[in-house]
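Numbering (the numbering used here), first residue to last: 38 to 349.
Note that CB positions come from ideal geometry on N, CA and C, so glycine has one too.
A quick write-up on the structure given underneath.
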Amino acid sequence: MAQNISDNKYNLLSTRVGFNLALGHFKKALSFSGDVEDGLNLADVLTEALEEGEISPQQLRPVLNILLVDKFSYTCLSRNLKKSVESVESIVDVVSQWTQLNLILAFYDSSGNLSVINPANKDHWESLLPLYHNELMICFVKSRKENDKKTELSACDDLFALLGGAKIRTKKAYINPDAVPKKKSEPKNEVKATSANSVAGGSRKLSTKYAVQVTNELFHNGNVEAWKKIIESYKAKHPGLDVLIWYDGERINDINTLFKWGKVKHGTPIMFSVTGDDIKDVSKLRKYLFEGASFRFEVFLKGAVNSVLDLF
38 MAQNISDNKY
48 NLLSTRVGFN
58 LALGHFKKAL
68 SFSGDVEDGL
78 NLADVLTEAL
88 EEGEISPQQL
98 RPVLNILLVD
108 KFSYTCLSRN
118 LKKSVESVES
128 IVDVVSQWTQ
138 LNLILAFYDS
148 SGNLSVINPA
158 NKDHWESLLP
168 LYHNELMICF
178 VKSRKENDKK
188 TELSACDDLF
198 ALLGGAKIRT
208 KKAYINPDAV
218 PKKKSEPKNE
228 VKATSANSVA
238 GGSRKLSTKY
248 AVQVTNELFH
258 NGNVEAWKKI
268 IESYKAKHPG
278 LDVLIWYDGE
288 RINDINTLFK
298 WGKVKHGTPI
308 MFSVTGDDIK
318 DVSKLRKYLF
328 EGASFRFEVF
338 LKGAVNSVLD
348 LF
């Protein structure tokens, strides 16, 4: 059967440039798919990939659609902002408690530029504020509980309400029952203390806290040693950066205590943040820490004694 050449959707692949462009995009999308399966927030992963020059802004929309909509069946809801948004501190505080949900926002500004946001990550909002009335926001959400469409739709509704200035009470369905509840009064004070004590002169940046969920039956000695090797590798690659560990609202100075306490069980989140002048490779660090907190930790224990892994 004859077909008009101009109608051939494979024309892009007929040149080396076009083929390599498509192949590179497919490889990156496959890599991001693995990150999502590992429990990472796709907005965190894509933002770092953009900052590192691994992808272009034009790839955001195709990746969001193929992964969140087609592959992982995230619930999707879009709305225009009912009012301008100048501050998101209260939004970040509330959404950070929704540990049962994975939330990603796609934001189109008045010029049509697309940005991806992890609503629990304050850093993602800073360069976008203020958001203006009628700008488009798309909410993607997936619950850790299977077939929980009602909760997912409710979460998007509540998130849009927060953006509209409403006060929302966190629903029980939004909270992972295995997660350790956060202490409201401690984290902010301790972050300030860390900035003053460990960041000399106050000139170094302190990233937001990232959650790593323990998927092994218990965060045991093997997991602890894996985390040590991962952090050692990260600091060797980035000598000016340091990794801070947090658990149950408290700064952990000796990671061995996480094993000694015997409190960190399956489903419990451990938090980490990075401090330094030029923070990078955070999503990769989070991915490796996630693996180190799983039953696959042994891969990080290979190699000669006192050798540093080449992970970054």
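In three-state DSSP terms, what is L142? Taking the sequence shown and counting its residues from 1, one reaches residue 142 at position 105. Correct three-state label for L142: strand.
DSSP puts L199 in a beta bridge; with which residues? Residue mapping note: residue 199 aligns to position 162 of the sequence shown, counting from 1. Partner(s): none; L199 has no beta bridge.
Can you say whether A157 is buried or exposed, counting buried as having 16 or more other CB atoms within 10 angstroms of its CB? Sequence index remark: in the sequence shown, residue 157 carries index 120 (1-based). The residue is buried, with at least 16 neighbouring Cβ atoms inside 10 Å.
Please state the DSSP three-state secondary structure of D279. Residue numbering aside, residue 279 sits at position 242 when the sequence shown is read from its first letter. Here D279 sits in strand by DSSP.
Once the 5 residues before and after D72 are set aside, which same chain residues still bring their CB inside 8 angstroms of it? For the purposes of this step, residue 72 is taken as residue 35 along the sequence shown, with counting starting at 1. Excluding positions up to five away in sequence, the list reads L79, V82, S320 and K324.
Classify L118 as helix, strand or coil using the three-state DSSP reduction. Here residue 118 corresponds to residue number 81 of the sequence shown, with the count starting at 1. Correct three-state label for L118: coil.
I need the straight-line Cα distance from K297 to F256, nearest angstrom please. In the sequence shown, counting from the first residue as 1, residue 297 sits at position 260. In the sequence shown, counting from the first residue as 1, residue 256 sits at position 219. For K297 and F256, the distance between alpha carbons rounds to 10 angstroms.
Is it the case that the stretch 120–131 contacts the stretch 197–216, given that we only count it when at least three CB pairs across the two stretches are under 8 angstroms? yes
Through-space distance from T245 to M308, alpha-carbon basis: The residue given as residue 308 occupies position 271 in the sequence shown. The residue given as residue 245 occupies position 208 in the sequence shown. About 10 angstroms.
What residues match up with S180 in a beta bridge as DSSP calls it? Counting from 1 along the sequence shown, the entry for residue 180 is found at position 143. S180 is bridged to L138.
Is the beta carbon of K186 less than 7 angstroms from the beta carbon of N139? For the purposes of this step, residue 186 is taken as the residue at position 149 of the sequence shown. For the purposes of this step, residue 139 is taken as the residue at position 102 of the sequence shown. Not a contact, by the Cβ cut-off of 7 angstroms.
Residue interval of the beta strand (DSSP E) (run including F56): Residue mapping note: residue 56 aligns to position 19 of the sequence shown, counting from 1. Unbroken run through F56 is the alpha helix (DSSP H), R53 to E74; no beta strand (DSSP E).
Kindly list the residues whose CB is nearer than 7 angstroms to the CB of N234, restricted to its own chain and excluding five residues on each side of it in sequence; keep chain order. As a working note, residue 234 is residue 197 in the sequence shown. For N234, the predicted model reports a pLDDT of 40, less than 50, meaning its position is unreliable; a value from the coordinates is still stated below. If you ignore the 5 residues before and after N234, its C-beta comes within less than 7 angstroms of no other C-beta in its own chain.
Buried versus exposed, by CB contacts within 10 Å (16 or more), S110: Position 73 of the sequence shown, counted from the first residue, corresponds to residue 110. Exposed: under 16 other Cβ atoms inside 10 Å.
So, helix, strand or coil for L348, using DSSP? Along the sequence shown, one-based indexing puts residue 348 at 311. Three-state result, L348: coil.
Do you know how far the Cα of Y169 is from the Cα of V336? As a first step, residue 336 must be located in the sequence shown, where it is residue number 299. As a first step, residue 169 must be located in the sequence shown, where it is residue number 132. Cα to Cα, the separation comes out at about 47 angstroms.
Alpha-carbon spacing of S70 relative to E189, whole angstroms: Residue numbering aside, residue 70 sits at position 33 when the sequence shown is read from its first letter. Residue numbering aside, residue 189 sits at position 152 when the sequence shown is read from its first letter. Approximately 20 angstroms between the Cα atoms of the pair.
Using DSSP with H/G/I as helix, E/B as strand and the rest coil, what is P214? For the purposes of this step, residue 214 is taken as residue 177 along the sequence shown, with counting starting at 1. Coil at P214, not helix or strand.
Coarse secondary structure for R288, derived from DSSP in three states: To locate residue 288, count along the sequence shown from 1; it is residue 251. Three-state DSSP puts R288 in a strand.
Would you call Q96 buried or exposed, if buried means 16 or more other Cβ atoms sit within 10 Å of its Cβ? Walking along the sequence shown from the start, residue 96 turns up at place 59. Answer is buried; the Cβ neighbour count reaches 16.
Output the distance between the C-alpha atoms of F144 and D194, rounded to the nearest integer angstrom. Numbered from its first residue, the sequence shown carries residue 144 at position 107. Numbered from its first residue, the sequence shown carries residue 194 at position 157. The straight-line gap from Cα to Cα measures roughly 16 angstroms.
Would I175 and S115 qualify as a contact pair, given that the criterion is a beta-carbon distance under 7 angstroms? Here the question's residue 175 lines up with position 138 in the sequence shown. Here the question's residue 115 lines up with position 78 in the sequence shown. Yes, the pair counts as a contact, with Cβ atoms nearer than the cut-off.
Return the chain-ordered list of same chain residues with a C-beta closer than 7 angstroms to the C-beta of T84, the five sequence neighbours on each side being excluded. The residue given as residue 84 occupies position 47 in the sequence shown. So the qualifying residues of the chain are V153 and H161.
Which of helix, strand or coil DSSP assigns to T84: On the sequence shown, residue 84 is found 47 positions in, with the first residue counted as 1. Correct three-state label for T84: helix.
By the DSSP assignment, the beta strand (DSSP E) with A248 in it spans what residues? Here residue 248 is taken as the residue at index 211 of the sequence shown, counted from 1. Here the beta strand (DSSP E) through A248 covers Y247 to Q250.
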